[in-house]
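Just below is one structure, and these are the notes that go with it.
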Amino acid sequence: MSRKLDRARIHVHSSFNNTIVTLTDLSGQVLAWSTPGIEGFKGSKKGTPFAAQLATEALVNKMKEFGIRAVVVTIDGAGPGRNSVVNALKNAGVRVEEVRNVTPVSHS
């Protein structure tokens, strides 16, 4: 992996059954991704905050290969793993510059 970046974007899709964490550059090209299923969680355990935390920590290890130190987080969905992703990023020493919630909310 020869690309070196300072900043990137992390997209979090959090449902009640799973949490998908995707790392992209600022133009939207996918660099890496992680899910609780990849980390060994199966069934209903994939939807827990702890599973989302471990998936995020695995993604942080991939981020270090790119030299990324700061991220903008975009959160989609209302699952239980949405807050634990941001907390895991902060605990890993990644600078979170912005957290944006893009969860669609119906108005009817």
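The opening position of the sequence shown corresponds to residue 44 in this note's numbering, with each subsequent residue numbered one higher. By construction, the Cβ of each residue, glycine as well, lies at the ideal position given by its N, Cα and C atoms. As the structure is a prediction and not an experimental result, all values here were calculated from the model.
task: Work out the CA separation of S87 and V142 for me, nearest whole Å.
output: 27 Å
query: Three or more C-beta pairs closer than 8 Å, one from the region 131 to 147 and one from the region 104 to 121: is that the case here?
result: yes
- prompt: From I63 to G80, what does the alpha carbon distance come to, in whole angstroms?
  reply: 9 Å
Buried or exposed (CB count within 10 angstroms, at least 16 for buried), R52: buried
- request: Take every Cβ of the region 67 to 75, pair it with every Cβ of the region 89 to 100, and state whether three or more of those distances are shorter than 8 Å.
  value: no
- request: Take E82 and list the residues in its own chain whose beta-carbon comes closer than 8 Å to its own, dropping the five residues that flank it on each side.
  value: A94, L97, A98, A101
query: In three-state DSSP terms, what is E82?
result: coil
Straight-line Cα distance separating V129 from K105: 16 Å
field: Minimum length 4: unbroken alpha helix (DSSP H) runs contained in the region 49 to 118
entry: 92 to 109
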